[in-house]
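Below is one structure, written out as structure tokens; the observations come after it.
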Amino acid sequence: MEDVALGPARILLVDDEEGLRITLAANLELEGHTVLEASNGEEALRLLGEHPVDVVLSDMRMPGLHGVDLLRRIKQARPDMPVVLMTAFTAEELVEDALAEGAFTVLPKPFDVAHALDTILRAARAPQVLVVDDTEPVARAMVRALSTVGLRARAVYSGEEALTWLRSGDFDVCVLDLVMPEMSGPELVAKVKAADLSVAVIAMSGHVVPELLRKVAAQGAVVCMTKPVPLRELVQAIARVRGQPRAQGPTGTQGARN
-15 MEDVALGPAR
-5 ILLVDDEEGL
5 RITLAANLEL
15 EGHTVLEASN
25 GEEALRLLGE
35 HPVDVVLSDM
45 RMPGLHGVDL
55 LRRIKQARPD
65 MPVVLMTAFT
75 AEELVEDALA
85 EGAFTVLPKP
95 FDVAHALDTI
105 LRAARAPQVL
115 VVDDTEPVAR
125 AMVRALSTVG
135 LRARAVYSGE
145 EALTWLRSGD
155 FDVCVLDLVM
165 PEMSGPELVA
175 KVKAADLSVA
185 VIAMSGHVVP
195 ELLRKVAAQG
205 AVVCMTKPVP
215 LRELVQAIAR
225 VRGQPRAQGP
235 TGTQGARN
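Next up, the structure:
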């Protein structure tokens, strides 16, 4: 099961819709978290400079500084700050830019409040991406590339090493090579699922291996990509899987929408 209850979080909530701010803030505060509220991007930047914050949740469409520009300003000053964006306009180009520029994820409106709260609190933990590839230079290069958009990542070079790190609870996404000695990508995915680690998996391969692809697809909740994967597409894929529903978290609030 997903574990997001690692102590109170400090959340900056940015939205010009007062009703949504009240709903989300009330649910978060009931769980013991501290919520700062801003009605626009400029106010959010001021609060971020004055108060300690673990995660920012912002609408994308707001008067003045919109959510993607706010994301960019935050990432310039604090690259590791998790920023979750939300929007009712999921087809617009700004969503693709946000996914590619280091947003933790983008939540489509209307959303289930329980899912939104679980996502926000998971982002507040600042989880890492685990890169698994038996070719060390490839794995290290991917970690360096992800760091350029503020994504924290670690490289490991075998399935067994990956399982050890994934059990730590510090990772929520695993990017793995399908073809590895000793433990293949499908075998690692099966062990991750069996251990109920609540880790999203992105499987990659430079070879056309239909049998391996079928095996990982059968595991469910797996994204498959073909190497070489452009950085923009990989970052977008990581953000998308982070926005997918996970096991029910401890917030316990369901069904409310705005």
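For the sequence shown, the numbering used here assigns the number -15 to the initial residue and increments by one for each residue that follows. Cβ coordinates follow ideal geometry from the N, Cα and C atoms, glycine included.
Inset, instruction - Have a look at Leu83 and Arg224 and give me their C-alpha separation to the nearest angstrom. - result: The residue you call residue 83 lines up with position 99 of the sequence shown. The residue you call residue 224 lines up with position 240 of the sequence shown. The straight-line gap from Cα to Cα measures roughly 7 Å.
Inset, instruction - Kindly indicate which three-state DSSP category Asp43 falls into: helix, strand or coil? - result: Your numbering for residue 43 matches position 59 in the sequence shown. For Asp43, the three-state secondary structure derived from DSSP is strand.
Inset, instruction - Pick helix, strand or coil for Gln238, following the three-state DSSP scheme. - result: Stepping through the sequence shown from its first residue, residue 238 is reached at position 254. The predicted position of Gln238 is uncertain, since its pLDDT is 33 and thus under 50; a value taken from the coordinates is nonetheless stated next. In the structure shown, Gln238 sits in coil (DSSP, three-state: anything other than H, G, I, E or B).
Inset, instruction - Excluding the 5 residues preceding and the 5 following Arg56 in the sequence, name in chain order all residues of the same chain whose CB lies nearer than 8 Å to its CB. - result: Your numbering for residue 56 matches position 72 in the sequence shown. Taken in chain order, the residues that qualify are Glu85.
Legend entry - Backbone CA spacing between Phe95 and Arg226 [nearest angstrom]: Position 111 of the sequence shown, counting from 1, holds the residue named residue 95. Position 242 of the sequence shown, counting from 1, holds the residue named residue 226. Cα to Cα, the separation comes out at about 15 Å.
Legend entry - Backbone CA spacing between Leu8 and Arg230 [nearest angstrom]: By 1-based counting over the sequence shown, the position of residue 8 is 24. By 1-based counting over the sequence shown, the position of residue 230 is 246. Whole-angstrom Cα-Cα distance: 19 Å.
Inset, instruction - Using DSSP bridges, identify the partner residues of Thr18. - result: Taking the sequence shown and counting its residues from 1, one reaches residue 18 at position 34. In the DSSP assignment, Thr18 is bridged to Arg(-6).
Legend entry - Cβ-Cβ separation, Leu32 to Leu(-4) (assumed contact under 8 Å), whole Å: As a working mapping, residue -4 is identified with position 12 in the sequence shown. As a working mapping, residue 32 is identified with position 48 in the sequence shown. Leu(-4) to Leu32, Cβ: 6 Å. Contact.
Inset, instruction - Taking 8 Å as the threshold, find out whether the segment 12 to 21 comes into contact with the segment 60 to 80 through three or more Cβ pairs. - result: These segments do not touch.
Legend entry - Neighbourhood of Ser23 by C-beta, 6 Å cutoff - its chain only, sequence neighbours within 5 removed: Taking the sequence shown and counting its residues from 1, the one referred to as residue 23 is at position 39. Hits under 6 Å: Asp0.
Inset, instruction - Can you give me the start and stop residues for the beta strand (DSSP E) that Asp156 sits inside? - result: Looking up residue 156 in the sequence shown gives position 172. Segment 155 to 161, the beta strand (DSSP E) holding Asp156.
Inset, instruction - Could you check which residue in Ala184, Leu215, Gln220, Glu217 has the C-alpha nearest to that of Val206? - result: Against the sequence shown, residue 206 aligns to sequence position 222. Considering only Ala184, Leu215, Gln220, Glu217, the residue with the shortest C-alpha distance to Val206 is Ala184.
Inset, instruction - Could you tell me the distance, in whole angstroms, from the CA atom of Asp102 to the CA atom of Leu181? - result: By one-based count along the sequence shown, residue 102 stands at place 118. By one-based count along the sequence shown, residue 181 stands at place 197. Their Cα atoms are separated by approximately 15 Å.
Inset, instruction - Determine the extent of the beta strand (DSSP E) in which Ala110 is found, giving its start and end residues. - result: Translated into the one-based positions of the sequence shown, residue 110 becomes position 126. It is not in any beta strand (DSSP E) - Ala110 carries neither H nor E in the DSSP assignment.
Legend entry - Run of the beta strand (DSSP E) containing Val207, from where it starts to where it stops: As a first step, residue 207 is located in the sequence shown; it is residue number 223 there, counting from the start. Start and end: 206 to 210.
Inset, instruction - Within the same chain, show all residues whose beta-carbon is closer than 7 Å to that of Val127, passing over the 5 residues directly before and after it, in chain order. - result: As a position in the sequence shown, residue 127 is number 143, starting the count at 1. For Val127, where only same-chain residues beyond five positions count, the Cβ hits under 7 Å are Val115, Ala137, Arg138, Ala139.
Inset, instruction - With DSSP as the reference, please indicate the residues paired to Leu69 in a beta bridge. - result: As a first step, residue 69 must be located in the sequence shown, where it is residue number 85. Leu69 is bridged to Ser42, Val90.
Legend entry - Residue(s) in a DSSP beta bridge with Ser189: The residue given as residue 189 occupies position 205 in the sequence shown. In DSSP, Ser189 forms a bridge with Thr210.
Legend entry - Helix, strand or coil at Ala184 [DSSP, three-state]: As a position in the sequence shown, residue 184 is number 200, starting the count at 1. Of the three classes helix, strand and coil, the one that applies to Ala184 here is strand, per DSSP.
Legend entry - Span of the alpha helix (DSSP H) around Arg62: Numbered from 1 along the sequence shown, position 78 holds the residue referred to as residue 62. From DSSP, Arg62 is part of no alpha helix (DSSP H); its letter is neither H nor E.
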